[in-house]
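Chains as they are written, first to last, in the working numbering: chain A, 699 to 992; chain B, 550 to 876; chain C, 18 to 342. For reference, the structure is listed below as structure tokens.
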Amino acid sequence: MSDKPIIIEDETPKAQSPFSEAWGMFRRNHAALVALFVLAVIVFMAIFGPLLYPTDPFEMVWAPFSPPGQEGFLLGTDYLGRDLLAMVINGAKVSLLIGLAAALVSIFIGVSIGALAGFYRGWVEELLMRITEFFQVLPTLLFSMVIVALFGASLPMITLAIGIVSWTAVARITRSEFLRIRELEYVMAARACGVSNTRLMFGVILPNALPPIIVQSALMVGSAILFEAGLSFLGLTDPNVVSWGQIIGSNRQYILDASYTVTIPGVAIFITVLAISLVGDGLNDALNPKLRQR
Amino acid sequence: MALLEVENLRIELTTRDGTAPVIDDLSFTLEAEETLSFVGESGCGKSMTALALMGLLPEGIGRVAGGHIRFNGEELTTATPARLREIRGNDISMIFQEPMTSLNPVFTVGEQIAEVLRAHQGLSRSAAWDQAVELLDAVRIPNPKGRAGDYPFQMSGGQRQRAMIAIALACQPKILIADEPTTALDVTVQAQIFDLLRDLRRQTGTSIIMITHDMGAVAEMAERMIVMYAGRQAEIGPVEQIIDHARHPYTQGLISCVPHIQAVLTDDRPDLVEVPGIVPSLREFGKDQCLFASRCAHVTQTCLDARPPQKAFSAGQIADCWHAEAF
Amino acid sequence: MNILRNFLTRCVYALILLTAVLVLNFSLMHLAPGDVADTISQSMGGADQEILDQIRADYGLDQPFIVQLGRYIGNVLQFDLGYSFFYNMPVTELILQRLPATLILVITAQLLALTIGVVMGVISAQKPNGLMSHFVTFLALFGYSAPVFWTGILLLIGFSLHFQWFPVAGMRDVTIEGGFWVHFVDLIRHLTLPMITLASVFFALYSRLARASMMEVLGSDYVRTAKAKGLSVREVVYKHALKNALSPVITLAGLQFSAVISGAVLVEAVFSWPGLGTLAFQSIIARDTPTILGILFFSALVVIVGNLLTDLALRLVDPRVGGKK
């Protein structure tokens with residue numbers, strides 16, 4: 699009755715650096731790989747686009763509402779006759795920069811609060827988690843609208859406003875990682891060796907808590923870009939710079955005449971955020987130790 | 550005709566490393582009102598056999614690759630899902646190893662018993678509930694009327710396992726499969742559960758298939774036993790005869806691990822012996838050799854060259870060992 | 018008794034949170050450049066320092082911070098959130114006029130996202146590699162990545178401008194006449210697109226979680242028990258598995274209330290829905306600080322009430338919540 703035996707040779711595991719191991723896992727996720735390429739192209743465009751396509755995004759270059767592809771303007775012109783392609787290219791820089799900076803602000807706040815809460819426990823944790831809950835109760839967009847409205851719509855203020863309202867998820871993840879890792883043997887060992895609390899927190903625990911924080915951070919950049927787009931769609935933006943959301947916001951009244959002025963910048967936001975979230979998925983595959991063991 | 554006939558059963562499990570036969574050429578019968586025990590270490594395929602009998606092999610992972618399972622002469626390996634549902638919980642029912650997780654946490658215990666009665670016996674809501682309370686009484690849960698409205702998290706492990714037994718026996722099944730019913734419980738509770746199962750068997754005449762790795766439980770509960778090793782039958786026969794004179798080195802090892810069986814039944818082996826080594830990994834399953842060879846003290850070249858034949862002895866004792874006559 | 022006490026504790030906690038929102042509100046108002054006196058003097062076309070001081074004394078703005086804060090909280094307790102000089106009416110009254118529109122939008126969108134999300138999650142969980150599964154994954158990616166106002170504008174262009182199936186803006190058509198049902202149908206027609214737009218974001222979250230949660234539950238021991246009982250597939254999936262799989266989805270939905278309101282601000286702006294979001298948008302342009310802060314307070318109130326309701330819903334689904342530990 700017994701059929702062919704199955705004989706599977708043991709593969710000798712090769713020693714790999716953590717980075718190349720993570721990259722190997724990341725590469726298996728094809729969607730993430732494509733997304734990473736798309737993202738690289740977008741970043742390249744944001745940095746060098748204005749040099750390669752030097753049309754001023756604020757200048758009226760042609761009759762308003764010329765549809766895409768006509769009169770030599772690839773994406774057409776908006777309600778003021780500005781070149782939409784120039785606006786989308788120049789808008790990339792602001793959207794990406796604010797997204798990145800705001801994500802950094804919220805990661806800084808979130809990691810600090812989460813690390814302190816998870817490390818010290820007790821009343822510190824109680825207090826910090828109550829503060830986190832408090833921030834979760836305030837609708838993020840309304841809260842940042844209020845900040846921008848009260849303190850002015852400059853780019854740094856917008857960045858700060860987005861960062862201040864969106865750190866809670868990072869704080870929760872950091873705290874739960876700290877709670878888990880602080881009980882592990884190597885932390886106990888370091889503690890027994892008399893390592894200072896600060897070093898223990900940032901030198902021992904934090905590096906080990908990083909993988910989920912990195913994944914969350916990637917997603918934060920995406921949601922910060924969406925956030926900035928939402929604010930500038932509502933007109934809460936510096937009128938002297940172009941961003942993708944602002945193009946949509948300022949052309950919103952004219953969707954009857956020229957729907958492409960709204961759809962095209964939207965596609966730019968969509969593709970960017972989609973690429974970021976796919977890369978985030980790939981990072982999750984690459985950094986999640988549970989998956990790696992499979 | 551036997552109540553249950555299993556013939557040349559082969560179950561394959563698909564893993565990332567390929568397909569492995571977790572049950573390889575297994576045959577046995579179960580008579581009415583008989584208790585048959587499956588014995589062996591973890592991972593030797595006992596639970597897979599139970600799930601196969603119930604038609605509950607994990608979808609997409611395990612499948613019956615060959616052989617027959619006949620219940621009252623009816624072939625189960627090819628039965629429709631609807632027919633299997635009629636049989637499950639009604640004619641053949643099962644108690645699982647983990648009472649802590651086997652009951653649904655968000656329904657009351659009474660409801661979980663009553664729904665079997667509604668599904669198979671068409672009882673009304675209130676009639677099924679009353680019957681559920683009686684069943685809780687039958688499995689000796691105090692204050693059954695009050696406890697029927699409790700959720701599983703409000704009960705102890707032993708009480709949950711009693712509730713599981715009540716579910717399994719609700720429709721007075723012909724066969725009850727108990728998959729390590731006491732492994733997760735305290736020792737005192739274990740004894741109570743065995744007492745309960747024995748009494749219930751006497752009252753209802755249900756045949757029991759008891760899966761365990763506890764030879765003591767086997768000696769207490771079963772008339773016949775099957776010793777499994779690495780997905781294959783090692784030895785089968787009447788319990789007393791096997792404990793008295795096991796013909797397979799693995800069985801001998803298992804028996805000598807248990808102190809009180811030794812003390813009662815044999816005087817000539819005073820020392821406890823352990824079986825060295827571990828069960829082979831799934832990759833080894835299905836090889837044409839004796840799979841126990843790597844752990845066997847009596848291994849010869851023959852054992853490594855071919856799978857051992859079944860050697861029959863008196864009273865239906867069969868041992869799958871090249872050297873069975875020698876022991 | 019236990020459940021009641023638990024619920025009361027949560028209510029007290031909710032009150033503390035609300036007070037914290039008030040303190041934040043007031044501090045923001047205090048920190049921001051310009052005060053009520055400036056606003057009034059602007060509306061009068063400018064005023065000299067003497068008049069400004071007079072106004073500040075009238076409104077108690079010359080008092081210490083803590084006194085002003087105490088008075089502010091005292092006023093709020095009497096449902097007085099200040100006066101909107103832009104709309105010329107008390108802020109509370111103004112907000113209560115707009116609140117129902119936002120509540121209709123937020124609640125229907127949440128319910129729509131939850132229902133469809135759970136249904137699709139459950140269907141796709143049963144065939145992890147089926148067509149539905151890929152569809153759910155795709156929609157989840159779209160919902161996460163597309164700016165909600167853009168989705169709204171696309172729907173508007175498609176279904177209101179191109180096909181003209183739905184009205185372009187607003188909540189009701191003032192020209193129609195008729196009984197309750199006529200107005201109800203009119204409301205639904207106006208509501209459909211904003212609701213779908215807002216739901217699209219959260220539908221993505223819920224379907225993905227429902228799918229993951231359902232897949233985990235379908236592999237659990239108690240589902241195996243349910244199968245071993247010989248129950249039908251329907252009973253196993255929709256009774257035994259679903260009730261367990263719902264808890265995490267409901268918890269997530271509760272956490273999303275503040276995000277739903279944020280989304281509603283944008284959706285209201287796209288569809289000119291006359292709710293709090295549009296009001297917030299207008300009062301920010303008008304620099305109407307009392308109204309803005311009143312809206313922030315009320316939206317926090319809605320989130321807190323939403324969280325309390327979520328808690329109650331969880332208790333209905335899972336007896337372990339709030340019971341014996």
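Note that beta-carbon positions come from the ideal geometry of N, C-alpha and C, so glycine has one too.
Find the nearest neighbour of residue i within the set the options, judged by alpha-carbon distance.
| i | options | result |
| --- | --- | --- |
| V688 of chain B | B:A868, B:P858, B:Q710 and B:Y700 | B:Q710 |
| V108 of chain C | C:T306, C:L173 and C:H257 | C:T306 |
| G236 of chain C | C:I321, C:A221 and C:K144 | C:K144 |
| I610 of chain B | B:L600, B:I618 and B:H617 | B:L600 |
| C839 of chain B | B:R832, B:T849 and B:E624 | B:T849 |
| A677 of chain B | B:M713, B:L684, B:A663 and B:L685 | B:A663 |
| G779 of chain A | A:T961, A:D983 and A:A956 | A:A956 |
| H207 of chain C | C:A118, C:G134 and C:L32 | C:A118 |
| T132 of chain C | C:R225, C:G175, C:L293 and C:H179 | C:R225 |
| R880 of chain A | A:L898, A:S894, A:V741 and A:W865 | A:L898 |
| A783 of chain B | B:E789, B:D686 and B:M774 | B:M774 |
| A245 of chain C | B:G865, B:S651, B:N621 and B:M770 | B:S651 |
| T851 of chain B | B:V824, B:T568, B:D837 and B:E683 | B:D837 |
| N261 of chain C | C:Y104, C:P336, C:I174 and C:S279 | C:P336 |
| I726 of chain B | C:T242, C:T192, C:E252 and C:A130 | C:T242 |
| A800 of chain A | A:S930, A:P854 and A:A887 | A:P854 |
| F102 of chain C | C:I309, C:L325 and C:W182 | C:I309 |
| A855 of chain B | B:F862, B:D869 and B:S673 | B:D869 |
| M764 of chain B | B:E590, B:E683 and B:E582 | B:E590 |
Rounding to the nearest angstrom, what Cα-Cα distance links residue i and residue j in this structure?
| i | j | result |
| --- | --- | --- |
| F24 of chain C | L269 of chain C | 19 Å |
| I967 of chain A | V338 of chain C | 41 Å |
| T753 of chain B | L718 of chain B | 9 Å |
| G615 of chain B | C845 of chain B | 29 Å |
| K860 of chain B | H617 of chain B | 22 Å |
| V334 of chain C | A317 of chain C | 26 Å |
| F220 of chain C | F925 of chain A | 19 Å |
| Q874 of chain B | R228 of chain C | According to the sequence as given, residue 874 of chain B is Glu; it is not Gln. So the two alpha carbons sit approximately 57 Å from each other. |
| F314 of chain C | R612 of chain B | 60 Å |
| G592 of chain B | M212 of chain C | 53 Å |
| E608 of chain B | P570 of chain B | 16 Å |
| E647 of chain B | T627 of chain B | 29 Å |
| Q811 of chain B | E624 of chain B | Residue confidence for Q811 of chain B is low, a pLDDT of 48 falling below 50, so the modelled location carries little weight and cannot support an answer. |
| R619 of chain B | S756 of chain B | 15 Å |
| T26 of chain C | I796 of chain A | 41 Å |
| L985 of chain A | W721 of chain A | 9 Å |
| R873 of chain A | S915 of chain A | 15 Å |
| L750 of chain A | K791 of chain A | 14 Å |
| G826 of chain B | S843 of chain B | 8 Å |
According to DSSP, which residues form a beta bridge with residue i?
| i | result |
| --- | --- |
| H617 of chain B | B:E556 |
| K260 of chain C | Answer by DSSP bridge pairing: none, since K260 of chain C is not bridged. |
| E624 of chain B | B:R619 |
| T568 of chain B | B:T563 |
| V776 of chain B | B:V588 and B:E784 |
| A868 of chain B | B:E784 and B:K860 |
| M759 of chain B | B:S586 and B:A727 |
| L575 of chain B | B:L558 |
So residue i and residue j are supposed to be a Cβ contact under 8 Å. How far apart are they, rounded?
| i | j | result |
| --- | --- | --- |
| M231 of chain C | A303 of chain C | Their Cβ separation, rounded to whole angstroms, is 48 Å, which puts M231 of chain C and A303 of chain C out of contact at 8 Å. |
| V555 of chain B | H762 of chain B | Contact flag wrong, Cβ pair sits at about 20 Å. |
| R115 of chain C | G323 of chain C | With 8 Å as the limit, R115 of chain C and G323 of chain C do not qualify as a contact, their Cβ atoms being about 18 Å apart. |
| G707 of chain B | A681 of chain B | With a Cβ gap of about 19 Å, G707 of chain B and A681 of chain B do not count as contacting. |
| R889 of chain A | G812 of chain A | In fact, because the Cβ distance is near 20 Å, the residues do not count as touching under 8 Å. |
| G786 of chain B | I867 of chain B | 6 Å |
| Y223 of chain C | V287 of chain C | Actually they do not touch by this definition, with Cβ atoms about 22 Å apart. |
| W942 of chain A | V786 of chain A | 7 Å |
| D573 of chain B | R832 of chain B | Not quite, the Cβ-Cβ distance comes to about 14 Å (not below 8 Å), so this is no contact. |
Any alpha helix (DSSP H) of 4 or more consecutive residues that is wholly inside the segment 689-746 of chain B: 693-696 and 706-718
Any chance you could list the alpha helix (DSSP H) runs of at least 4 consecutive residues sitting entirely within the segment 928-971 of chain A, in chain order? 942-949
Within the segment 74-123 of chain C, note down every full alpha helix (DSSP H) run reaching 4 residues or more, in order along the chain. 82-94
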